[in-house]
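K.L.:
Its first residue numbered 115, the sequence shown is counted upward by one per residue in the working numbering.
A single structure is presented below for examination.
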Amino acid sequence: MVALLTTSASAAYACSCGDPTVREKFRTSDLVFTGRVTDIRELRPIQDPFVYSVTLQIDRQWKGPKTRDVNVLWAFDSPGWCNDLPLNKDERYLIYTSRHDGSYGVYPDCGTNYLAKYHSTEIAKLNGFWFRAWARLFPYPRL
Numbered sequence: 115m116v117a118l119l120t121t122s123a124s125a126a127y128a129c130s131c132g133d134p135t136v137r138e139k140f141r142t143s144d145l146v147f148t149g150r151v152t153d154i155r156e157l158r159p160i161q162d163p164f165v166y167s168v169t170l171q172i173d174r175q176w177k178g179p180k181t182r183d184v185n186v187l188w189a190f191d192s193p194g195w196c197n198d199l200p201l202n203k204d205e206r207y208l209i210y211t212s213r214h215d216g217s218y219g220v221y222p223d224c225g226t227n228y229l230a231k232y233h234s235t236e237i238a239k240l241n242g243f244w245f246r247a248w249a250r251l252f253p254y255p256r257l
């Protein structure tokens, strides 16, 4: 009976992603915005860990050089991992990103990027003038 239980067990994996505050994510990012995916292209050759070149039309931006559209490199998303972030055309995302070899990189697994429709509280915080001012002036204490 014991042999049957141990040989039929499947592997289980725990999520161990960090959980930075909104202030930490804002402070450590070069570009923070919400935007809608307008184009997805597979990278050829793949630029490990990035597999897609994604264009987003920015609808609200809080940090970074002002632009209407931005192209980001999108890493492979392992379905079922922590903070699973499916990549879909016309979907709206909340993106915190920094430069990676001259381009902005988005990491969907254990990343700080989200589907915007599920993060209205975080977006409301980013919209706050005092939040952004304090995050820039005093980056380390938690809010």
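We treat Cβ as the ideally placed atom computed from N, Cα and C, and that holds for glycine.
If I measure Cβ to Cβ from L240 and keep anything under 6 Å in the same chain, skipping five residues before and after, which residues do I get?
P.N.:
Within the same chain, L240 has close Cβ partners W176.
K.L.:
Report buried or exposed for A238, applying the criterion of at least 16 other Cβ atoms within 10 angstroms of its Cβ.
P.N.:
Per the 10 Å Cβ criterion, exposed.
K.L.:
In three-state terms, what does DSSP make of E205?
P.N.:
Here E205 sits in coil by DSSP.
K.L.:
Quick one: grab the DSSP three-state call for T142.
P.N.:
Here T142 sits in helix by DSSP.
K.L.:
Please list, in chain order, all residues of the same chain as E236 whose beta carbon is under 6 Å from its beta carbon, the five residues on each side excluded.
P.N.:
Contacts found: V136.
K.L.:
I'd like to know if the stretch 181 to 188 and the stretch 212 to 225 are in contact, where contact means that at least 3 CB-CB pairs between them fall below 8 Å.
P.N.:
Yes, since at least three Cβ pairs between the stretch 181 to 188 and the stretch 212 to 225 fall closer than 8 Å, the two stretches touch.
K.L.:
What residues in its chain sit with their C-beta under 8 Å from that of Y228, if we drop five residues either side in the sequence?
P.N.:
Answer for Y228: N197, L199, Y207, L208 and E236, listed in chain order.
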